[in-house]
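Engineer: Protein chains in written order, with this note's numbering: chain Y, 1 to 284; chain C, 1001 to 1124.
1. Anything in the stretch 78-94 of chain Y with a Cβ closer than 9 Å to a Cβ of chain C? List those residues in chain order, please.
2. Determine the closest residue to residue 190 of chain Y out of Y:220, Y:36, Y:229, with distance taken between C-alpha atoms.
3. Give me the Cβ distance between residue 81 of chain Y and residue 69 of chain Y, rounded to the nearest whole Å; I'm assuming they're in contact under 8 Å.
4. Any idea which residues DSSP pairs residue 160 of chain Y with across the strands?
5. Could I get the ranges of all uninterrupted beta strand (DSSP E) runs contained in the stretch 213-247 of chain Y, with 3 residues as the minimum, in chain order?
6. Tell me the start and end of each unbroken alpha helix (DSSP H) in the stretch 72-123 of chain Y that is at least 4 residues and wholly inside, in chain order.
7. Assuming residue 170 of chain Y is part of the beta strand (DSSP E), what are its boundary residues?
8. Establish whether the CB of residue 73 of chain Y and some CB of chain C are separated by less than 9 Å.
9. Tell me residue 55 of chain Y's beta-bridge partners as DSSP assigns them.
10. Helix, strand or coil for residue 1020 of chain C? Go by DSSP, reduced to three states.
11. Within 9 Å of any Cβ in chain Y, is that where the Cβ of residue 1077 of chain C sits?
12. According to the Cβ coordinates, are residue 1016 of chain C and residue 1043 of chain C closer than 9 Å?
13. State the CB to CB distance for the pair residue 24 of chain Y and residue 263 of chain Y, rounded to an integer number of angstroms; the pair is presumed to be in contact (CB under 8 Å).
14. Tell me the DSSP bridge mates of residue 186 of chain Y?
15. In whole angstroms, what is the alpha-carbon distance linking residue 33 of chain Y and residue 268 of chain Y?
16. Can you list, in chain order, the residues of its chain whose CB lies under 7 Å from that of residue 26 of chain Y, leaving out five sequence neighbours each side?
17. Taking one C-beta from the stretch 109-120 of chain Y and one from the stretch 1104-1117 of chain C each time, how about it: are there three or more such pairs within less than 8 Å?
18. Below 8 Å on the Cβ atoms is my guess for residue 179 of chain Y versus residue 2 of chain Y; work out the distance and round it to an integer in Å.
19. Taking C-beta pairs closer than 7 Å, name the residues in chain Y that residue 1073 of chain C reaches, listed in chain order.
20. Would you call residue 230 of chain Y buried or exposed, if buried means 16 or more other Cβ atoms sit within 10 Å of its Cβ?
21. Using only the alpha-carbon positions, how far apart do residue 199 of chain Y and residue 1055 of chain C sit?
22. Output yes or no for whether 9 Å exceeds the beta carbon distance between residue 5 of chain Y and residue 182 of chain Y.
23. Should the stretch 60-69 of chain Y be regarded as contacting the stretch 144-160 of chain Y, the criterion being three or more beta carbon pairs within less than 8 Å?
24. Find the residues of chain Y that neighbour residue 1067 of chain C, judging by a C-beta separation of less than 8 Å, and give them in chain order.
25. Using a Cβ-Cβ cut-off of 9 Å, state whether residue 1127 of chain C counts as contacting chain Y.
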């Protein structure tokens, strides 16, 4: 099964939650899809076995065939091409390689070429936990092709924990899609609530079941629970706002290793998801 | 990133001057923005006749600068007077053979900007 961990707001504790889940249960795969700033490796200390380069495609114009009609420029949604009538300029970092220019070129002057956009790293934390993450090259506009490659590391027979990037953009959607369940991590602040609402809307739109973990939980911030109750969203876990957890985190220690209560809570959570969600899928 | 062999390949015989503008007349104020200005005034310095072109890039999400460069190169501009040009637009303008004069302030009228440029040019 695939469990993704997303948030909306950054800094709510996605990686702490994802790494904790992966650590309390055997037979897991942890995949850090936050390729713009991966940090799961800091908490899990994996041994990296190999790296793979990841490429994206870009249009290549054959000037022996191009007659500068400008069709490619017209169909480019991202303004990555401009036509000087004696040269077509491509701004590589703006190209999403949708393939429209190649498809529509009347002179068939466009082919594709590859450009390296980052690396993918694979390894393991111990015999129970497989690790993968990706590092996007600085200046690359889109992390989506790298996340797509990274998600090929999912092992169907195992419990796959996907650590999504923050926000609700293409990168987050690419990370969480195909999940059996998504855990949204939020915090007891107005910012956490505001971004949680957006993330919840996205998951409802793409049809992924989800529950919420409130990290840095403060009971006095009632708006959070009011919203969750009003919208019938499940609260999976409340992690208290605790100095000890923050101190451990600052040393790269997961809270589950020093706190049995939390360890049991995470283990219970993953067991519940495993038993309730998998049969649902097979019924469909 | 790009092949520098082609730089300046375009020859602009017309010698037209493009100015980024907040309005469609010679009395309008200069726009300090290049990619996201409201209008380009394309002026023929020989006759001082001009064409006002509205800039679609004003509403573009991204890539407004290079698009604006494409537009004024297509209109035959040899010189651009503006406040500031971004990196990508600058690259496109150079390759299109357009000379960039930047640093203009939004308090200057288009006609004064052009006269100022032309008088400096003759001094040289």
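Glycine included, each C-beta is placed from N, C-alpha and C at the ideal position. Bear in mind that the values here come from a model prediction, so they are computed numbers and not experimental data.
Structural biologist: By the coordinates alone:
1. 78, 79, 80, 81, 82, 83, 84, 85, 86, 87, 89, 90, 91, 92, 93, 94
2. For residue 190 of chain Y, the nearest C-alpha among the options comes from Y:220.
3. With 8 Å as the limit, residue 81 of chain Y and residue 69 of chain Y do not qualify as a contact, their Cβ atoms being about 12 Å apart.
4. Y:2, Y:29.
5. 235-240
6. Qualifying alpha helix (DSSP H) stretches, in chain order: 100-104.
7. It is not in any beta strand (DSSP E) - residue 170 of chain Y instead sits in the alpha helix (DSSP H) that spans 170-176.
8. yes
9. Y:116
10. strand
11. no
12. Contact: yes.
13. 6 Å
14. Y:214
15. About 25 Å.
16. Here the set comprises 128.
17. no
18. At roughly 5 Å, the Cβ-Cβ gap stays under 8 Å, so residue 179 of chain Y and residue 2 of chain Y are in contact.
19. 84
20. Exposed: under 16 other Cβ atoms inside 10 Å.
21. 35 Å
22. Yes, the pair counts as a contact, with Cβ atoms nearer than the cut-off.
23. no
24. 79, 82
25. Any question about residue 1127 of chain C goes unanswered here, given that chain C covers just 1001 to 1124.
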